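Those protein sequences? They're chains W and E, same order as listed. So the first sequence is numbered by the working numbering: it starts at 1 and just counts up by one. So the second sequence is numbered by the working numbering: it starts at 1001 and just counts up by one. Note that the Cβ used here is the ideal one computed from N, Cα and C, for glycine as well. This structure is a prediction, so every number in the text was calculated from the model and none was measured.
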Amino acid sequence: MMDRQKIVLVACGTGIATSTVVGQKVETLLAANHVNAKVIQCKITEVGSYEDQADLLVTTTILSRAYKIPVVKAVNYLTNINPGKIDQEILDALK
Amino acid sequence: MLLESVQFILNLGPTVMLPIVITVIGMAFGQGFKKAFRSGLTIGVGFVGINLVINLLVTNLGGAAQQMVTRFGLVLNIIDVGWPAAAAITWASPVAAIMIPICMLVNIVLLITKCTDVVDIDIWNYWHFAAASATVYVLTDGNWLLAILAGILYEVAVLKIADKTAPMVQEFFGLEGVSLPTGSTAACGLIGIPIVKLVQKIPGIKNLKADPDTIQKRFGIFGEPLMMGLILGMLLGILAGYGFDKILQIGVSMAGVMFLMPRMVKILMEGLIPVSESVREFLQSKNFGKDRNLTIGLDAAVAVGHPAVIATALVLVPITLFLAVILPGNQVLPFGDLATICFYVAFIVGAARGNIVHSVIAGTIVMGLGLLMATNIASFHTQMAIMAHFNMPEGTATISSLDMGGNFLNWIVIKIFQLI
């Protein structure tokens, strides 16, 4: 069976700092659960350019508007408080 | 002998020095050699990349800036290289790496003595503290003690501001249990918050409002570094009196700089993650006493997505460019940090309770001051870059940044140490 590869956007304020940390966690999570998906890291203001092709937005920052795709907030990956809950949210969103 | 080997390593430049230093620090935090060395080498490679992009930026923009001076007498000959380059220049300083364990210790001491409630696990932004150290290191011709002291002073100030703004971060931004000890955000908040309070008292302005969604639509282009680089580059080409061919070339080159610089810094960041996780685990494993409202210090990046922050920052991009031209005494050509304005206004917008009109007014004043400070300390900034072995072409060789050069706290620290 060939699934279409899903696209996960990981966005923060810079597209560099916190999104790198979260991006790595999401990649590890996807690989460990054999989810066929690719991570694109960007600034929150760049989400508009990728929104149409993406399946999920994972963000460490506050949402700047309403989005067409599902959103998972990932601040807990940074604070390390109950990160398992976010793992589950991401996996559920990509089912 | 020890002194000689330290000197030898420092002279090798950051691409070699940082892999060695980060490997040692990583191992000191209990990582195996392999993991620590991998991180160190990644950081070194990040440096190689940043050097390439800075070179592209300074060569292209330097020439155009020079032409603008001759054509219009527009003296904007100090290039704003942006925070990614400023952070890289900082990490390249001999004092920077040692500031990681020092800043962590200072944080622990302040927590134990109840001078702060911030558990600052955002190691990446320790670079702001290290930047004060690195600047004073240049200023004092390599006085380690004073340099370290300057960094500690800066850290204490940022943690205190983070404490004071924590209630606003939790109420306005809705970030439960979080504070934002990010140097640039704190420094701009320190001058910006009182200005907001003042603006909100002015009759006529007090009741003005603007809608963030409309602004995001209208000014959206300024939020995309790729497009912003292209447009700014072409605009500069036109002002420099270039032919059509060269206008197109500088446009694409500048789009390249804006797009590639964050990619390179990301590599640096990846190398720093293992050290950062170790420090976080260490800090979070400590018990600083119950019945205290401790906050977790995170990168202000977690707040800047707020619609009002984004809208304010987008409007401030053209305003800052305009200010740079009309502000007497300014010599900085804003470029790299136009993409970072959202960080400078985060606390301002929070203090204004999301009122964009008030935030833009306060932000304009803060950006104006930032330009003047960045002009004022450009010579140190440039000297730090030269020490970091970055290529600076002859003649056009002055750089600064709004993030580090135009930073109120950094500027104050420098002024204090200039007196000593």
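Buried or exposed by the 16-neighbour rule on C-beta atoms within 10 Å, applied to residue i
| i | result |
| --- | --- |
| Q1331 of chain E | buried |
| K1197 of chain E | exposed |
| E1281 of chain E | exposed |
| P1328 of chain E | exposed |
| S1285 of chain E | exposed |
| N1107 of chain E | buried |
| F1244 of chain E | exposed |
| D1382 of chain E | The amino acid at residue 1382 of chain E is misidentified as Asp; the sequence shows Thr. It counts as buried. |
| M1 of chain W | With a pLDDT of 45 at M1 of chain W, under the threshold of 50, the modelled position of this residue cannot be trusted, and the question is left open. |
| R1292 of chain E | exposed |
| E1155 of chain E | buried |
| R1038 of chain E | buried |
| K1206 of chain E | exposed |
| F1322 of chain E | exposed |
| K1266 of chain E | buried |
| V41 of chain W | Note that residue 41 of chain W is Gln in the sequence shown, not Val. With 16 or more other Cβ atoms within 10 Å, it is buried. |
| V1024 of chain E | exposed |
| D52 of chain W | exposed |
| D1423 of chain E | Residue 1423 of chain E lies beyond the range of chain E shown here (1001 to 1420); nothing can be said about it. |
| F1047 of chain E | buried |
| T28 of chain W | exposed |
| E1171 of chain E | exposed |
| T1070 of chain E | exposed |
| K25 of chain W | buried |
| A1036 of chain E | buried |
| G1192 of chain E | buried |
| D1403 of chain E | buried |
Any C-beta of chain W under 8 Å from that of residue i
| i | result |
| --- | --- |
| M1367 of chain E | no |
| Q1067 of chain E | no |
| V1304 of chain E | yes |
| I1310 of chain E | yes |
| W1124 of chain E | yes |
| D1299 of chain E | yes |
| C1115 of chain E | no |
| I1296 of chain E | yes |
| G1406 of chain E | no |
| C1342 of chain E | yes |
| L1018 of chain E | no |
| E1155 of chain E | no |
| G1223 of chain E | yes |
| P1262 of chain E | yes |
| P1334 of chain E | no |
| P1307 of chain E | yes |
Assumed close pair residue i, residue j - CB separation to whole angstroms, cut-off 8 Å
| i | j | result |
| --- | --- | --- |
| P1212 of chain E | P1307 of chain E | 4 Å |
| A1255 of chain E | L1230 of chain E | 4 Å |
| K43 of chain W | T20 of chain W | Wrong, their Cβ atoms sit about 12 Å apart, outside the cutoff. |
| G1189 of chain E | T1165 of chain E | 6 Å |
| A1134 of chain E | V1095 of chain E | 6 Å |
| A1374 of chain E | G1405 of chain E | 4 Å |
| L1333 of chain E | I1078 of chain E | 7 Å |
| V1136 of chain E | I1414 of chain E | 7 Å |
| V1304 of chain E | A1240 of chain E | Contact doesn't hold; Cβ gap of about 33 Å is too wide. |
| V1118 of chain E | A1162 of chain E | 5 Å |
| I1215 of chain E | I1356 of chain E | 7 Å |
Test: residue i CB closer than 8 Å to a CB of chain E
| i | result |
| --- | --- |
| L78 of chain W | yes |
| E51 of chain W | no |
| G15 of chain W | yes |
| I7 of chain W | no |
| I90 of chain W | no |
| V75 of chain W | yes |
| L56 of chain W | no |
| L97 of chain W | Absent from the structure is residue 97 of chain W, since the part of chain W shown begins at 1 and ends at 95. |
| T18 of chain W | yes |
| G84 of chain W | no |
| R4 of chain W | no |
| I69 of chain W | no |
Within chain A, the residues that residue i reaches when beta carbons sit closer than 8 Å
| i | result |
| --- | --- |
| Q1284 of chain E | Protein chains in the displayed structure are W and E, and chain A is not among them. |
Using 8 Å as the threshold, is the segment 1228-1238 of chain E in touch with the segment 1347-1355 of chain E, meaning 3 or more CB pairs across them? no
Does the pairing of the segment 1383-1390 of chain E with the segment 1336-1343 of chain E give three or more beta-carbon distances under 8 Å? no
Taking a cut of 8 Å between CB atoms, which residues from the segment 21-52 of chain W lie near chain E? Answer set for the segment 21-52 of chain W: V21, Q24, Q41, K43, I44, T45, E46, G48 and S49.
Indicate whether the contact test is met: 3 or more Cβ pairs, each with one atom in the segment 37-56 of chain W and one in the segment 4-13 of chain W, closer than 8 Å. yes
What residues from the segment 1266-1280 of chain E come within 7 Å of chain W, judged by C-beta to C-beta, listed N to C? K1266, M1269, E1270, I1273 and R1280
Under 9 Å, CB to CB, which of the residues in the segment 1196-1220 of chain E have a partner in chain W? If you check each beta-carbon in the segment 1196-1220 of chain E against every beta-carbon of chain W, the ones closer than 9 Å belong to P1212, D1213, Q1216 and G1220.
Would the segment 1073-1090 of chain E count as touching the segment 1370-1384 of chain E if we require 3 or more Cβ pairs under 8 Å? yes
Do the segment 57-68 of chain W and the segment 1030-1037 of chain E make contact, defined as three or more Cβ pairs closer than 8 Å? no
Tell me which residues of the segment 1169-1198 of chain E have at least one Cβ-Cβ distance to chain W shorter than 8 Å, keeping chain order. F1173, G1174, L1175, G1177 and V1178
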